[in-house]
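Below is one structure, written out as structure tokens, with a few remarks after it.
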Amino acid sequence: MAFHVCARRPAGHRPNTVSRVPPMQDLKIDRNAKTLRELTLDKLRGAIVQGYFRPGARLVERTLCDELGVSRTVVREVLRHLETEGLVETVSRQGPVVARLDPAQVGEIYELRGLLEANAARACAEGATPEVVRQLREVRAVIEDAFEKQDLPRVLEYTERFYETLFEAAGKQVSLTVVKTLNARINRLRALTIAMPGRGGDSNTEMNRLLDAIERRDGDAASAASAAHIKRVSELALSALAQQDEAVSDG
Numbered sequence: 026m027a028f029h030v031c032a033r034r035p036a037g038h039r040p041n042t043v044s045r046v047p048p049m050q051d052l053k054i055d056r057n058a059k060t061l062r063e064l065t066l067d068k069l070r071g072a073i074v075q076g077y078f079r080p081g082a083r084l085v086e087r088t089l090c091d092e093l094g095v096s097r098t099v100v101r102e103v104l105r106h107l108e109t110e111g112l113v114e115t116v117s118r119q120g121p122v123v124a125r126l127d128p129a130q131v132g133e134i135y136e137l138r139g140l141l142e143a144n145a146a147r148a149c150a151e152g153a154t155p156e157v158v159r160q161l162r163e164v165r166a167v168i169e170d171a172f173e174k175q176d177l178p179r180v181l182e183y184t185e186r187f188y189e190t191l192f193e194a195a196g197k198q199v200s201l202t203v204v205k206t207l208n209a210r211i212n213r214l215r216a217l218t219i220a221m222p223g224r225g226g227d228s229n230t231e232m233n234r235l236l237d238a239i240e241r242r243d244g245d246a247a248s249a250a251s252a253a254h255i256k257r258v259s260e261l262a263l264s265a266l267a268q269q270d271e272a273v274s275d276g
């Protein structure tokens, strides 16, 4: 770093400090900027969710440093964070590994998700405005397009956005906070099921049924449509998980 040395001024000299004050726009914070840690977290989380690292795979710090181009300190911080999200676990004599998805835990995640989303869908429908319906339909259109193009990152990103919009419109902030703690694992399960036959078409039908109920402000129908969707994708996820476990065992 270069240091600038200022010449000593005569006693009694009063510098024009006002002219040296930088313009305030120089102090503006770029709220969209991400730190290196956040960028690394996004990248490694995405790699695990999308199956780049298989369940049980060791996450060697030195290798990750080389692949990601970051320091070991950053990698360690990110691994600790991913452990709180349920994507990484520390195994004795192995260190950090990609967490395996336990069928019982998966069932519990979908059970909780089903209760929270059905409740939010009901509340959203009962207080729905044309603007909320428009926002939800716009996001769903993006998801459907991403499904057709098999753009997994986009599907995951906008599916999260859809549910955030729904929960916020329902006024269920606490429920949304709970769901967000599960999002990493839910997205991992979505990634497992996205290529399964009928996944996209059936989801579109179910979600359009949900949106129609919200637009009619029919709380009962919206809740039922949400619950039916969660039940089906839960069954798909457990089936995909069983197939993945077989593949890992055979490998």
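120 is the number that this note's numbering gives to position 95 of the sequence shown; each next residue is one higher, with no gaps.
Just so it is clear, CB atoms sit at the ideal spot from N, CA and C, and this is done for glycine as well.
Note that this is a predicted model, so its numbers are computed, not measured.
Beta carbon of residue i nearer than 8 Å to that of residue j
i    : j    : result
T190 : Q160 : yes
R138 : G244 : no
T184 : R215 : yes
A252 : A153 : no
P80  : V123 : yes
L141 : V204 : yes
G111 : R210 : yes
A265 : M221 : yes
V158 : E240 : yes
F192 : R165 : no
L107 : V113 : yes
P121 : L104 : yes
R162 : L236 : yes
DSSP bridge partner residues for residue i (one or two, in chain order)
i    : result
R83  : V122
T115 : P121
Proximal residues to residue i (C-beta, below 6 Å), its chain only, five neighbours per side dropped
i    : result
E169 : N229
V100 : E86, L89, C90
R257 : none
N212 : V74, L181
A171 : R179, V180
L69  : V103
Same chain, Cβ closer than 7 Å to residue i, neighbours up to 5 away in sequence not counted
i    : result
V95  : L61, T65
A195 : A145, A148, C149
P48  : Legend: pLDDT at P48 = 48, less than 50; position of this residue unreliable, no value from coordinates given.
R234 : A250
Q119 : R83
V131 : L214, A262, L263, L266
T365 : Limits of the chain in this structure are 26 at one end and 276 at the other, which puts residue 365 out of reach.
R125 : P80, G81
Q268 : none
A238 : A150, A246, A247, A250
E346 : In the structure as shown, the chain begins at 26 and stops at 276. Residue 346 is therefore absent and cannot be evaluated.
R97  : E86, C90
Cut-off 8 Å between Cβ atoms - residues of its own chain near residue i, not counting five sequence neighbours on either side
i    : result
E260 : none
D67  : K59
F10  : Since the displayed the chain opens at 26 and closes at 276, residue 10 lies outside it and no answer follows.
E63  : none
S200 : L141, N144, A145, F192
V167 : R179, Y183
I255 : Y135, R138, G139, E142, A143
Residue i beta carbon near the ligand NAD (any heavy atom closer than 7 Å)
i   : result
K59 : As presented, the structure is devoid of all ligands, the ligand NAD included, so that no description of it is given.
Inside the segment 151-211 only - beta strand (DSSP E) runs reaching at least 3 residues: none
Sufficient close CB pairs (3 or more, under 8 Å) joining the segment 130-137 to the segment 172-179: With a cut-off of 8 Å on Cβ pairs, the segment 130-137 is not in contact with the segment 172-179, counting fewer than three such pairs.
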